[in-house]
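Visitor: Numbering (our numbering), first residue to last: 211 to 539. Idealized CB from N, CA, C, for every residue including glycine.
Next up, the structure:
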């Protein structure tokens, strides 16, 4: 090997090593400055702090669902409660969250409040465990790989080198570094006033398109089966079950009807399936609660912080009534 070749190889190794170090540094910075500031992590940090204050390790109310729930229910108005819902979350993910609370966090849950809105079991839900790094801390990668139909090694690399494909997030972070949506006890505080929308019907259509396919399957089997598993966990652990339907705007309901989705048919089928697993539960239906109050929404189907406060106070009173009824039984 001549001198020039040795110099070339040495420089190549130095360059490769430098690139690798820079990549690992960027990956580490992304994890600590961006990834761990995402809502799923901030909710987890808040939960860990809050769980240390639980009386006798008992949580009275655990709320689960997708963005309808995580924006609507402010636990500040429901004593000893926490909002575990997540934007776009499927009940596949929720199942593992519930298992984590009981088996890993050793929390006693008195009542579990589960969202059963029209879109919650929709076949438009994306791949489960999009927050891969977070969920892999308590869900085996082998199970995630099976459910996503992916290679376990590929997922391991994706989890470790998470910065791949995140250029837009990095640019966004650099441009608006401190523009985080506030989170409190798991509740996501959003602004916006739907009453100011010039075209409410368009907003309702966009919400529908984001949540339903062209020929919607309202009860997608995989996600629903995990929902049933949650009910079984609740039964096995003597956890009270409450099903809840969150408020939507009048325009959103019109869009639902345009696509020939009939609520009564959906819920008849849903409760027939539920009754095969559990028969003791309560139902809270707030679907039409704010039909005439668009100012309480941030868009066609999500409450803003004003609506969330009004709604949460109503829910708190209804939960108290249910609790009193249960104590008499």
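For residue 475, does the three-state DSSP call read helix, strand or coil?
Guide: Locating residue 475 in the chain shown gives position 265, counting from the first residue. Residue state, collapsed to three classes: helix.
Visitor: Residue 243 to residue 217, Cα distance in whole Å?
Guide: The residue given as residue 243 occupies position 33 in the chain shown. The residue given as residue 217 occupies position 7 in the chain shown. When rounded, the distance between both Cα atoms is 38 Å.
Visitor: Hey, is residue 296 close to the ligand FMN, as in C-beta under 7 Å from one of its heavy atoms?
Guide: Among the components modelled here there is no ligand, and therefore nothing to report on the ligand FMN.
Visitor: When burial is assigned at 16 or more other CB atoms within 10 Å of the CB, is residue 195 buried or exposed?
Guide: What is shown of the chain runs 211 to 539, which leaves residue 195 out entirely.
Visitor: Could you check how far apart the C-beta atoms of residue 460 and residue 301 are, in whole angstroms? I think they sit under 8 Å.
Guide: The residue labelled residue 460 in the question sits at position 250 within the chain shown. The residue labelled residue 301 in the question sits at position 91 within the chain shown. About 28 Å separates the two Cβ atoms, so there is no contact after all.
Visitor: My output table needs one value for residue 325: the three-state DSSP class, helix, strand or coil.
Guide: As a working note, residue 325 is residue 115 in the chain shown. Residue state, collapsed to three classes: strand.
Visitor: Does the distance from the CB of residue 294 to the CB of residue 396 come in under 8 Å?
Guide: Numbered from 1 along the chain shown, position 84 holds the residue referred to as residue 294. Numbered from 1 along the chain shown, position 186 holds the residue referred to as residue 396. In this structure, residue 396 lies closer than 8 Å to residue 294 by Cβ.
Visitor: Ignore the nearest five residues each way along the sequence and tell me which others in residue 310's own chain have a CB closer than 7 Å to its CB.
Guide: The residue you call residue 310 lines up with position 100 of the chain shown. The answer, listed in chain order, is 348.
Visitor: Pick out the complete beta strand (DSSP E) segments inside the region 427 to 513, 3 residues or longer, and give them in chain order.
Guide: Taking only runs of at least 3 residues, the beta strand (DSSP E) segments lying wholly in the region 427 to 513 are 450 to 455, 492 to 495.
Visitor: Please confirm whether residue 361 and residue 518 have their CB atoms less than 8 Å apart.
Guide: By one-based count along the chain shown, residue 361 stands at place 151. By one-based count along the chain shown, residue 518 stands at place 308. Going by C-beta atoms, residue 361 is not nearer than 8 Å to residue 518.
Visitor: Within its chain, find whatever has a CB closer than 7 Å to the CB of residue 491; leave out the 5 residues flanking it on each side and keep chain order.
Guide: Within the chain shown, the letter at position 281 stands for residue 491. Result list for residue 491: 451, 452, 453, in chain order.
Visitor: Residue range of the alpha helix (DSSP H) that residue 261 falls in?
Guide: Mapped onto the chain shown, residue 261 falls at position 51. Looking at the DSSP string, the run of the alpha helix (DSSP H) that includes residue 261 is 249 to 261.
Visitor: Look at the alpha carbon of residue 405 and the alpha carbon of residue 473, and state the distance between them as a whole number of angstroms.
Guide: Here residue 405 refers to the residue found at position 195 when the chain shown is read from its first residue. Here residue 473 refers to the residue found at position 263 when the chain shown is read from its first residue. About 25 Å.
Visitor: What residues in its chain sit with their C-beta under 6 Å from that of residue 345, if we drop five residues either side in the sequence?
Guide: Taking the chain shown and counting its residues from 1, one reaches residue 345 at position 135. Cβ neighbours of residue 345 beyond the five flanking positions: 339.
Visitor: Okay, do the region 401 to 419 and the region 503 to 519 touch, 3+ Cβ pairs below 8 Å being the bar?
Guide: Touching, yes, given that three or more Cβ pairs across the two stretches are closer than 8 Å.
Visitor: Just how far apart, CA to CA, sit residue 528 and residue 462?
Guide: For the purposes of this step, residue 528 is taken as residue 318 along the chain shown, with counting starting at 1. For the purposes of this step, residue 462 is taken as residue 252 along the chain shown, with counting starting at 1. Near 25 Å, if we compare the C-alpha coordinates of residue 462 and residue 528.
Visitor: Whole angstroms is fine: what's the gap from residue 219's alpha carbon to residue 225's?
Guide: In the chain shown, the residue the question calls residue 219 occupies position 9. In the chain shown, the residue the question calls residue 225 occupies position 15. Going from the Cα of residue 219 to the Cα of residue 225 covers about 10 Å.
Visitor: Measuring alpha carbon to alpha carbon, tell me which of 264, 332, 262 ends up nearest residue 276.
Guide: As a position in the chain shown, residue 276 is number 66, starting the count at 1. When only C-alpha atoms are compared, the closest one is 332.
Visitor: Please name the residue in 323, 214, 267 whose C-alpha comes closest to that of residue 449.
Guide: Locating residue 449 in the chain shown gives position 239, counting from the first residue. With distances taken between Cα atoms, residue 449 lies closest to 323.
Visitor: How should residue 231 be labelled, buried or exposed, when 16 other C-beta atoms within 10 angstroms of its C-beta is the threshold for buried?
Guide: Mapped onto the chain shown, residue 231 falls at position 21. So residue 231 ends up on the exposed side.
Visitor: Confirm, please, whether the CB-CB distance from residue 273 to residue 291 is below 8 Å.
Guide: Within the chain shown, the letter at position 81 stands for residue 291. Within the chain shown, the letter at position 63 stands for residue 273. Contact: yes.
Visitor: Name the DSSP beta bridge partners of residue 272, please?
Guide: Sequence index remark: in the chain shown, residue 272 carries index 62 (1-based). Answer is 292, 322.
Visitor: Going by the DSSP bridge assignment, what does residue 393 pair with across the sheet?
Guide: Walking along the chain shown from the start, residue 393 turns up at place 183. Residue 393 is bridged to 398.
Visitor: Going by Cα to Cα distance, which pick from 317, 489, 303 is closest to residue 257?
Guide: Working through the chain shown from its first residue, we reach residue 257 at position 47. Residue 257 has its Cα closest to that of 317, out of 317, 489, 303.
Visitor: Quick one: what's got a C-beta closer than 6 Å to residue 422's C-beta in the same chain, skipping five residues either side?
Guide: Indexing the chain shown from 1 puts residue 422 at position 212. Closer than 6 Å at the Cβ level, and outside the excluded window around residue 422, lie 332, 334.
Visitor: Leaving out five residues on either side along the sequence, give the residues of the same chain with a beta carbon under 7 Å from the beta carbon of residue 260.
Guide: For the purposes of this step, residue 260 is taken as the residue at position 50 of the chain shown. Counting only Cβ-Cβ distances below 7 Å, and skipping sequence neighbours, we find 292, 395.
Visitor: Need the endpoints of the alpha helix (DSSP H) that residue 420 sits in, please.
Guide: Locating residue 420 in the chain shown gives position 210, counting from the first residue. Unbroken alpha helix (DSSP H) run through residue 420: 410 to 421.
Visitor: Label residue 456 either buried or exposed according to how many other C-beta atoms from any shown protein chain fall within 10 Å of its C-beta, with 16 as the threshold for buried.
Guide: Position 246 of the chain shown, counted from the start, is the residue given in the question as residue 456. Residue 456 should be labelled buried.
Visitor: The alpha helix (DSSP H) with residue 363 in it runs from where to where?
Guide: By one-based count along the chain shown, residue 363 stands at place 153. Where residue 363 is concerned, the enclosing alpha helix (DSSP H) stretches over 362 to 370.
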